[in-house]
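As they're listed, the protein sequences go chains A and B.
Here our numbering = 1-based position in the first sequence + 769.
Here our numbering = 1-based position in the second sequence + 288.
Some notes on the structure that comes next.
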Amino acid sequence: MMGKPEGLKLIDENGYRLDGRKKYELRKIKMEVGVLKSADGSAYVEWGKNKIMAAVYGPREIHPKHLQKPDRAILRVRYNMAPFSVEERKKPGPDRRSVEISKVIRGALEPAVILELFPRTSIDIFIEVLQADAGTRVAGITAASLALADAGIPMKDLVAACAAGKIDGEIALDLNKEEDNYGEADVPVAIMPIKNDITLLQMDGYLTKEEFLEAVKLAIKGAKAVYQKQREALREKYLKIVEEVGE
Amino acid sequence: MKKIFVKNRDLVVPGTLLAQGPFKNGRGTFKEGNRLYSSVVGLVRVSNGTVSVVPLEGPYIPEVGDTVIGKIVDVKFSNWIVDIGAPYQAGLRVQDVIEGRVDVLKTDLRKIFDIGDIIYAKVKAFNEINQIDLITKGMPFNGGPLKGGQLVEITPSKVPRLIGKGGSMINMIKNLTGTRIIVGQNGWVWVSGRKEELEKLAIEAILKVNRESHTQGLTDRVREMLVKRLNELKEQGIIEEVPQLEEGEGQ
């Protein structure tokens, strides 16, 4: 939107984007579960150039006691960007943006976790962005949901997330950093696929009503592809061991 | 309409559709209409009309009568606070430790169990507001404290696998390594051996069971691993003899 270099084309005449993807193509996604030894559950996600680590601790008792909910567990999320995760060094610690993202991620994950099973406890989720390249909140949600499943916390469904946006006047899936910076809009969406529930929906930029609906539909499609990868990653942790012992 | 979409011992993840129709939902599952879904990562178990998922990870949920291993985290006026690896801390009252009447003013509770001590206890009560009460009265060696040795943590749902059919797995590890092992149902395992190397070996075997619990032929593989390591230790002169298993043991 701002300061777009003269003559920069996000989609070339053959329909290819800057990183060689088609309009409706996801970036390369790699997921691994159970990467941290001391956390109850953990996951590492590489989503294009995004590198994100998520850790889950709990359910555990919380102090001060007034934070406890007598009928259910509370979910606490901390989204944090490492100072070296972006080109210009980011000042460490929480800022306006990361506090807000922590809050929306909590909202995206809360409907999936069966919190009523553990009254008066807290489940703590830490999302660390080691390298950022646009779409860290959807990658963070994807990683956190994997880490929750890895911690053995009962869930109604995994939460999968993906973003769609508008670049050079066209709706495209999963924007990268240049597209996010110089594109017209970005729509991150998180879903719980079995019932098609949307748990996160945001929009940054300008879209018409028709464009918005198209972007949401596209992002849901992307999230469903991410969901399949999540399921594979969770099974892979155990299937790898089965393979190792040569059954 | 009764339909089941999975087999016994299938590996499932949260949100996997398991069955449709009048099935009972066991642990690790939830119902949505007449559909049954998995809520955890685990292995499916189907038994006469009940579908459940045995989790491969997860916190310890106490049940009355469980024998657990715990760690004293605090000593209060007439009770102890114990960590048993559950989402909630457990309490142990002095009358559940000592027979007869106790004058709490004249007894120093720290002389019985001090902070950091490892105890062997039974879950006496676990109520709706998630208070866990323990009891050590009537437990072997009065509940401890267990001196020396090491504590290993495994996933609570894998404890039956570590014990094996009729204790086959745990007895094999005990006999081959010559260690004393106490398994708590909360997944905490206390291991104590005469030699550090043997203790380490027993722990390695326990962690192997924990890691490979969902595979077949595990007992044989653990035995193989133990015998191989014991032979190595014999060559190094750390142990004199590799213990022999009796017929039918560890099968």
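For glycine and all other residues, C-beta sits at the position ideal for the given N, C-alpha and C.
Cross-strand partners of Arg-323 (chain B) (DSSP beta bridge): Arg-323 (chain B) has B:Gln-308, B:Glu-320 as its beta-bridge partners, per DSSP.
Check whether the Cβ atoms of Leu-397 (chain B) and Thr-424 (chain B) sit closer than 9 Å, and answer yes or no. Not in contact: Leu-397 (chain B) and Thr-424 (chain B) (Cβ atoms no closer than 9 Å).
Please compile the residues from chain A whose C-beta is within a distance smaller than 8 Å of the C-beta of Val-363 (chain B). Scanning chain A for C-beta atoms nearer than 8 Å to the C-beta of Val-363 (chain B) yields nothing, as the closest lies near 18 Å away.
Return the chain-ordered list of same chain residues with a C-beta closer than 7 Å to the C-beta of Thr-317 (chain B), the five sequence neighbours on each side being excluded. Counting only Cβ-Cβ distances below 7 Å, and skipping sequence neighbours, we find Leu-306, Leu-324, Tyr-325, Ser-326, Ser-327, Val-339, Ser-340, Val-341.
Check whether the Cβ atoms of Leu-450 (chain B) and Ser-501 (chain B) sit closer than 9 Å, and answer yes or no. Contact flag set, yes.
Say whether chain A places a C-beta atom closer than 9 Å to the C-beta of Ser-340 (chain B). Not an interface residue.
With 9 Å set as the bound, which would you pick, yes or no: does the beta-carbon of Gly-921 (chain A) sit closer than that to a beta-carbon of chain B? Yes, Gly-921 (chain A) lies at the interface with chain B (some Cβ there is under 9 Å from its Cβ).
Rounded C-beta distance between Ile-894 (chain A) and Ala-913 (chain A)? I'm assuming under 8 Å. Yes, they are in contact, since the Cβ atoms of Ile-894 (chain A) and Ala-913 (chain A) sit about 5 Å apart, within 8 Å.
Is Val-814 (chain A) closer than 9 Å to Leu-1066 (chain A) when the C-beta atoms are compared? Here chain A has residues from 770 to 1016 only, and residue 1066 (chain A) is not among them.
Assigned exposure category for Pro-839 (chain A) - 16 Cβ within 10 Å defines buried: The residue is exposed, with fewer than 16 neighbouring Cβ atoms inside 10 Å.
How would you call Asn-474 (chain B), buried or exposed, if buried means at least 16 neighbouring beta carbons within 10 angstroms? It counts as buried.
Using only the alpha-carbon positions, how far apart do Val-332 (chain B) and Ile-527 (chain B) sit? Computed Cα separation, rounded: 43 Å.
Restricting to Cα atoms, I'd like to know which of B:Ala-493, B:Val-361, B:Glu-387, B:Val-382 is closest to Tyr-376 (chain B). Ranking B:Ala-493, B:Val-361, B:Glu-387, B:Val-382 by CA distance to the CA of Tyr-376 (chain B) puts B:Val-361 first.
Among residues of its own chain, excluding the 5 on either side of Phe-414 (chain B), which ones have a beta-carbon nearer than 8 Å to its beta-carbon? So the list reads Pro-350, Glu-351, Val-352, Ile-420, Asp-421, once near-sequence residues are dropped.
If you draw a straight line from the alpha carbon of Ser-807 (chain A) to that of Ile-896 (chain A), how long is it in whole angstroms? So the alpha carbons of these two residues sit roughly 15 Å apart.
Which first and last residues belong to the alpha helix (DSSP H) in which Leu-331 (chain B) is found? Careful: Leu-331 (chain B) lies outside any alpha helix (DSSP H), inside the beta strand (DSSP E) at 330-335.
The alpha helix (DSSP H) spanning Lys-998 (chain A) covers which residue range? Taken as a continuous stretch (DSSP letters only), the alpha helix (DSSP H) holding Lys-998 (chain A) covers 978-1013.
For the beta strand (DSSP E) holding Asp-893 (chain A), just list the boundary residues, first then last. Counting along the chain, the beta strand (DSSP E) containing Asp-893 (chain A) begins and ends at 890-900.
Go ahead and pull the three-state DSSP assignment for Thr-467 (chain B). Secondary structure of Thr-467 (chain B) (DSSP, three-state): coil.
Is the beta carbon of Val-1014 (chain A) less than 9 Å from the beta carbon of Gly-505 (chain B)? Their beta carbons are under 9 Å apart, which means Val-1014 (chain A) touches Gly-505 (chain B) by this criterion.
When DSSP labels each residue in this structure, what does Leu-805 (chain A) get in the three-state scheme? Leu-805 (chain A) falls in the coil class under three-state DSSP.
Residue from A:Val-898, A:Ile-940, A:Glu-885 with nearest C-alpha to Lys-925 (chain A): Ranked by Cα distance from Lys-925 (chain A), the options A:Val-898, A:Ile-940, A:Glu-885 are led by A:Glu-885.
With the cut-off set at 9 Å, would you say Ala-930 (chain A) and Ala-812 (chain A) are in Cβ contact? No, they are not a contact pair.
Between A:Gln-971, A:Gly-817, A:Ala-988, which lies nearest to Asn-965 (chain A) when the distance is taken from Cα to Cα? Cα-wise, what sits closest to Asn-965 (chain A) is A:Ala-988.
Between the Cα of His-832 (chain A) and the Cα atoms of A:Arg-889, A:Pro-774, A:Leu-1008, which residue gives the shortest distance? Selected option, being the one with the closest Cα: A:Arg-889.
Below 9 Å between beta carbons: does that hold for Ser-871 (chain A) and Pro-880 (chain A)? For the 9 Å CB-CB criterion, Ser-871 (chain A) and Pro-880 (chain A) do not form a contact.
Kindly list the residues whose CB is nearer than 8 Å to the CB of Lys-1060 (chain A), restricted to its own chain and excluding five residues on each side of it in sequence; keep chain order. The requested residue 1060 (chain A) is not part of the displayed model; chain A covers only 770 to 1016.
Return the CA-CA distance between Arg-468 (chain B) and Glu-523 (chain B), expressed in angstroms with no decimal places. About 24 Å.
Runs of alpha helix (DSSP H) wholly within the region 848-930 of chain A (minimum 4 residues, chain order): Counting whole runs of 4 or more residues, the region 848-930 of chain A contains the alpha helix (DSSP H) stretches 865-878, 905-919.
If you run the structure through DSSP and keep just helix, strand and coil, what is Ala-374 (chain B)? In the structure shown, the three-state DSSP call for Ala-374 (chain B) is coil.
So what does DSSP say about Arg-786 (chain A), is it helix, strand or coil? Note: Arg-786 (chain A) maps to strand in three-state DSSP.
Around the Cβ of Met-289 (chain B), are there at least 16 other Cβ atoms within 10 angstroms (buried) or fewer (exposed)? A residue is called buried once 16 or more other Cβ atoms fall within 10 Å of its Cβ, and Met-289 (chain B), having fewer, is exposed.
Which two residues bound the contiguous alpha helix (DSSP H) that contains Glu-487 (chain B)? Looking at the DSSP string, the run of the alpha helix (DSSP H) that includes Glu-487 (chain B) is 484-499.
Residues of chain A with a CB under 9 Å from the CB of Phe-318 (chain B): which are they? Under the 9 Å cutoff, chain A gives Ile-883, Pro-923, Lys-925.
Where does Glu-953 (chain A) land, buried or exposed, given buried means 16+ other C-beta within 10 angstroms? If you draw a 10 Å sphere on the C-beta of Glu-953 (chain A), you find 16 or more other C-beta atoms in it, and that means buried.
Alpha helix (DSSP H) runs contained entirely in the region 409-488 of chain B, provided each spans 4 or more residues: Listed in chain order, they are 447-451, 456-465.
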